[in-house]
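Some notes on the structure that comes next.
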Amino acid sequence: MTEPLKLIQVEVLRYRPEQDEKPYPATYTIPFNDDMSVLEALQYIKEELDSTLSYRWSCRMAICGSCGMMIDGVPALACHSFVRDYYPRTLRVEALDHFPVERDLVVAADDFIGKLESIKPYLVAREVRRLDQGEHLQTPVEREHYAQFSACINCMLCYAACPQYGMNHEFIGPGVMALLHRYNEDSRDGAREQRMELVNAEEGVWNCTAVGYCSQVCPKGVDPANAVNINKINSARDFFLGSARAPDALPMPEVPVVNGPGYVRPMAGWWRKNPSFIRYMLRESTALLVAIYALVLLAGLASLASGESAYNGWLSWLASPAGSALHVVALAAMLYHSWSWFEIMPKTMPPLIVRGKRVAAGVITWSGVGAAVASTLALFLIVWSLAS
Amino acid sequence: MEIVETDVAIVGAGGAGLRAAIAAAEADPSLKIALLSKVYPMRSHTVAAEGGAAGVVLPHDSLEHHFNDTVSGGDWLCEQDVVEYFVANCTREMVQMEHWGCPWSRKDDGHINVRAFGGMKIERTWFAADQTGFHMLHTLFQTSIKYPSIERFDEYFVLDLMVDDGRCQGLLALQIRTGKFVLIKARSVIIATGGAGRVFRQSTNGGVVTGDGMALAYRHGVALRDMEFVQYHPTCMPGTGLLFTEACRGEGGILVNRDGYRFLQDYGLGPPDPWPRKKAMELGPRDRLSQAFWHEERKGRTIDTPQGTAVLLDLRALGRAHIQERLPLISDMAQRFMGIDPADTPIPVRPAVHYTMGGIGVDGLCASSLPGLYAVGECASVGIHGANRLGSNSLAELCVFGKVAGEQAARHARTCPPAFSSALEALGAGARRRALALRKREGGSERIAVLRREMALTMERGCGIYRSGDEMAATCEKLAELRARYHSVRVDDKSDGWNTDWLQAIELGFQLEVAQAMAHSALNRRESRGAHQRIDGYAERDDINFLTHSLAMYRGEDEPEIVHGSVTITKSKPALRAYGAAGEHAEQSLTGAAHD
């Protein structure tokens with residue numbers, strides 16, 4: 002029953018501003034068993050090996066949001082991650098990305114808290130009731146509209162997952178946008194128009210480029226990317242249809258940027274840090290091939306205008322090995338681009354509820370893929386029949 | 010040293026502290042309010058409360074039922090006038106939470122839903138799935154942002170209260186980030202720092218629950234009341250002590266021993282059918298269920314896990330969809346931490362320390378014996394829990410008495426002499442010097458982690474589910490030894506900012522004194538009542554000698570003095586405390602007697 006303890010190396014990025022110029026890695030060897038969390042590993046280090054190590058923690062059950070850190074390069078809660086999953090490699094632990102490091106694994110949360118406070122994160126009742134009138138009515142379905150977004154524990158992992166926030170702290174960011182959306186979607190609330198000012202602002206949703214990693218790292222299934230991208234639709238609607246701003250609405254404050262103290266880590270090379278970011282860059286770069294192919298078609302148009310021989314030259318270039326290679330590469334890029342587009346589609350649309358149940362992300366993605374394949378085939382058949 | 014002047018200073022920004030801050034701000038928007046916490050508000054341990062909060066709503070329920078459940082659940086050690094006020098105000102406060110946006114679970118018609126809870130005769134537990142504390146805390150925190158007069162001091166650690174001229178006039182705090190001290194002069198101070206469960210080993214409590222506020226008040230002569238009553242929650246994860254909410258049983262889960270037998274029927278809680286039945290079997294009170302586990306363990310009818318003995322919490326009858334709707338957090342915890350899907354497999358559980366019934370002695374208006382000092386929430390003993398708290402009364406308590414504390418502190422701030430004593434700066438400097446001396450001490454031989462471990466072990470041995478005089482005396486002795494050794498505790502970290510080594514040393518000092526109040530109160534109570542059960546000849550409740558509160562009085566380096574305080578009885582005379590069929594029978598005969 003008591004299996005022999007295994008040993009694992011834990012590399013912690015230490016930083017004590019009163020004596021260290023910059024962060025440095027310190028390695029500890031600790032014994033572990035299969036149910037030891039990364040938080041317990043840090044507690045072991047503090048109790049047995051080095052009591053100067055500092056980190057935040059409290060509940061141990063992924064609800065207080067204190068112990069967010071980079072674990073093996075991924076934003077995660079230390080209490081909700083297990084040492085066994087990293088063995089036999091070295092377990093690397095660092096402070097959360099994109100926030101200034103105050104000390105060791107502690108980051109400055111000032112900016113996040115300031116943003117949270119700026120969005121009217123409370124119910125502004127649509128219908129004011131006295132206490133003796135009892136509760137507002139809200140059906141389970143109405144509650145379901147915002148329930149997921151009210152589950153945010155403010156652990157800030159999504160900010161550490163968001164390269165846009167890392168590069169530009171003006172961006173309101175995923176977690177706070179999810180909270181804003183939570184109140185906007187609440188059937189009891191009446192301050193939507195006021196909050197939309199923040200959504201529409203420069204530092205609002207339009208800073209988001211749909212990397213989508215924030216939702217991947219969320220420990221509570223809040224899906225902040227969904228909140229941000231639904232609000233792109235809302236914001237666009239506001240822009241084109243004109244905002245229905247209440248005349249007595251108070252102006253919202255600016256989204257503050259409160260840079261807490263601490264060591265600021267450079268963003269250079271951020272996209273190589275993590276497979277999700279690499280996939281994101283690949284997805285974005287495939288758009289380049291779309292542009293290149295448009296230029297190729299433009300060149301064809303130009304050659305058609307300048308005479309038959311030029312056009313034939315263009316056609317023969319298309320048939321050349323280089324031309325064929327370009328087609329193959331462009332086709333692959335566009336297929337990948339289309340796939341990534343459908344893959345992210347569930348995050349960009351409001352929840353689809355059929356017979357009281359939310360349609361799963363996979364169903365949406367594969368429906369999109371199916372529709373795209375079907376319409377491509379149909380187009381192909383039409384062109385084929387016209388040509389023959 | 011920075012000096013801040015304010016009207017009301019609140020120590021602790023969990024549910025009780027936030028509710029008090031809002032109440033003070035609403036009572037008089039011109040008052041300045043300083044809200045201090047050693048963590049950001051939403052990290053406070055209120056966040057981990059799962060099951061729900063009590064408030065009478067169903068037509069066949071009544072305030073009298075809630076009163077009777079609470080007073081008998083507390084084994085008649087409750088302040089009955091305070092309980093009357095409490096039950097009369099719970100529902101109003103739950104509605105207030107709804108108006109502030111709390112996402113209570115709903116019925117199809119849009120009204121809020123209630124669930125059954127242990128020791129409660131009728132369903133009256135308001136809930137937000139199994140994350141009720143989380144939602145209440147975030148709702149209160151986010152709502153508090155509306156009030157410009159509330160100035161937050163996030164991640165400030167309070168070191169001492171400033172007491173002069175016979176009244177509390179502020180506190181000294183440490184900004185954790187920088188290690189800088191700030192003297193807060195305040196006309197009223199509210200302590201809302203939560204419980205002290207971390208003085209034990211297996212505990213559902215988060216790392217912040219170290220009894221700081223209790224020790225702060227205790228050191229200034231305020232009695233800690235009924236500290237021997239420590240609640241063991243019956244269904245916790247072996248090893249870590251993480252909580253599986255009572256709502257698991259409220260929703261229909263059952264507890265079985267190694268033979269698949271619903272063992273609670275052997276301990277005066279049966280019969281097992283028909284199920285579910287309120288105030289019976291798995292919906293009995295927590296003290297009785299934890300005691301039943303202890304007996305099963307002695308009889309060898311528990312299962313063995315690598316983390317110790319356990320019984321099984323079986324949720325399979327609920328079905329996957331119901332578990333997902335009502336108990337999603339529980340389900341996730343079982344899968345993550347134990348690799349168990351509760352829809353398919355019963356969860357091994359055992360009792361762990363959960364709640365401190367006792368605390369800073371206050372009256373029904375949350376005022377302590379020290380003028381200007383108020384206390385509310387788990388750190389306080391306002392008198393509603395008696396010898397055993399009923400599940401879902403503590404979240405309701407935060408709201409009901411948070412409001413009272415905030416209003417009373419605001420009233421005091423307006424009516425007390427406006428000038429602060431000139432001695433406060435010197436008092437602050439003294440407290441600062443003591444804190445720094447602990448950090449700067451060289452050559453200490455004792456390690457914080459070792460002392461803390463020994464404290465937790467001896468508390469578990471002496472102040473467990475069942476207690477004996479010898480073991481309690483040994484624990485008292487051990488705690489005296491640990492306090493002596495604490496004088497040579499070593500703080501390795503000498504830096505100013507984010508020095509958690511230093512903070513843990515200060516917390517350990519608080520914990521040892523609070524633990525001592527618990528152990529000595531327990532040793533002095535020569536009877537069995539609620540969560541205090543003795544197996545050394547004092548197995549019965551003794552209303553003649555011990556229908557009294559225990560008051561632990563601080564005596565510096567010496568052991569505390571335990572004196573007795575009277576209990577207010579208004580309409581419920583102490584009677585047989587029974588559950589299951591016996592309880593139903595007792596209730597019928599009581600009602601019969603009332604009609605005679």
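Chains as they are written, first to last, in this note's numbering: chain A, 2 to 389; chain B, 10 to 605. Note that the Cβ used here is the ideal one computed from N, Cα and C, for glycine as well. Keep in mind the model is a prediction, meaning the values are calculated, not measured.
- Remark: C-beta atoms of ILE121/B and GLU107/B approach each other more closely than 8 Å.
- Look at LEU251/B: its C-beta is under 8 Å from a C-beta on chain A.
- Residues of the stretch 493 to 522 of chain B with a C-beta less than 7 Å from any C-beta of chain A: ASP501, ASP502, SER504, ASP505, GLY506, TRP507, THR509 and ASP510, listed in chain order.
- Listed along the chain, the chain B residues whose CB falls inside 7 Å of the CB of ASN155/A are MET51.
- It is roughly 34 Å from the alpha-carbon of GLN140/B to the alpha-carbon of LEU460/B.
- Here DSSP, grouped into helix, strand and coil, assigns GLU132/B to coil.
- MET350/A has a beta carbon lying at 8 Å or more from every beta carbon in chain B.
- Counting only the Cα atoms, GLU48/A lies some 19 Å from ARG492/B.
- Straight across, the Cα-Cα distance linking ALA211/A with MET62/A is about 30 Å.
- When only Cα atoms are considered, LEU517/B and VAL206/A end up about 46 Å apart.
- DSSP places ARG462/B inside the alpha helix (DSSP H), whose first and last residues are 457 to 471.
- Looking at SER151/A, GLY167/A and ARG189/A, the one whose alpha-carbon comes closest to that of MET178/A is SER151/A.
- Around the beta carbon of LEU302/A, fewer than 16 other beta carbons lie within 10 angstroms, which makes this residue exposed.
- According to the DSSP assignment, TYR241/B belongs to the beta strand (DSSP E) that extends over 239 to 245.
- Counting C-beta pairs with one atom in each stretch, the stretch 164 to 181 of chain B and the stretch 407 to 419 of chain B have fewer than three that are closer than 8 Å, which means they do not touch.
- Residue environment: GLY213/A is assigned as buried (16 or more neighbouring CB atoms within 10 Å of its CB, all protein chains considered).
- For the C-beta of TRP385/A, not a single chain B residue is nearer than 7 Å; the gap to the nearest is close to 49 Å.
- Look at the beta carbons and you see the stretch 285 to 292 of chain B not touching the stretch 345 to 357 of chain B: under three pairs across the two are nearer than 8 Å.
- Contact annotation for GLY363/A against chain B: no contact, minimum CB-CB distance about 18 Å [criterion: below 9 Å].
- Inclusion of VAL198/B and LEU181/B in the CB contact set at 8 Å is not warranted, their separation being larger than that value.
- In this chain, VAL66/B is not harboured by any alpha helix (DSSP H), its DSSP state being neither H nor E.
- With its beta carbon less than 8 Å from one in chain A, THR152/B belongs to the interface.
- If you draw a straight line from the Cα of PHE209/B to the Cα of LEU252/B, it is about 15 Å long.
- DSSP, reduced to helix, strand and coil, places TYR276/B within a helical segment of the structure shown.
- The Cβ atoms of ASN230/A and THR349/A lie closer than 8 Å to each other.
- Secondary structure at THR318/B: strand, using DSSP grouped into helix, strand and coil.
- Between PRO38/B and SER158/B the beta-carbon gap is near 6 Å, inside 8 Å, which marks them as a contact.
- Boundaries of the alpha helix (DSSP H) around LYS449/B: 433 to 449.
- Beta-bridge annotation (DSSP): ASP190/A is paired with ALA126/A.
- Taking a contact as a CB-CB distance under 8 Å, the pair LEU532/B and ALA489/B does not count as one, their CB atoms being some 12 Å apart.
- If you ignore the 5 residues before and after TYR281/A, its C-beta comes within less than 6 Å of the C-beta of VAL212, all in its own chain and listed in chain order.
- For ASP221/B, the enclosing alpha helix (DSSP H) covers residues 221 to 227.
- Residues of chain B with a Cβ closer than 8 Å to the Cβ of PRO122/A are, in chain order, GLN151 and ILE154.
- DSSP places GLU95/A inside the beta strand (DSSP E), whose first and last residues are 92 to 95.
- Residue environment: TYR147/A is assigned as buried (16 or more neighbouring CB atoms within 10 Å of its CB, all protein chains considered).
- Considering only beta carbons, the part of the stretch 88 to 108 of chain B lying closer than 7 Å to chain A consists of ARG101, VAL104, GLN105, GLU107 and HIS108, in chain order.
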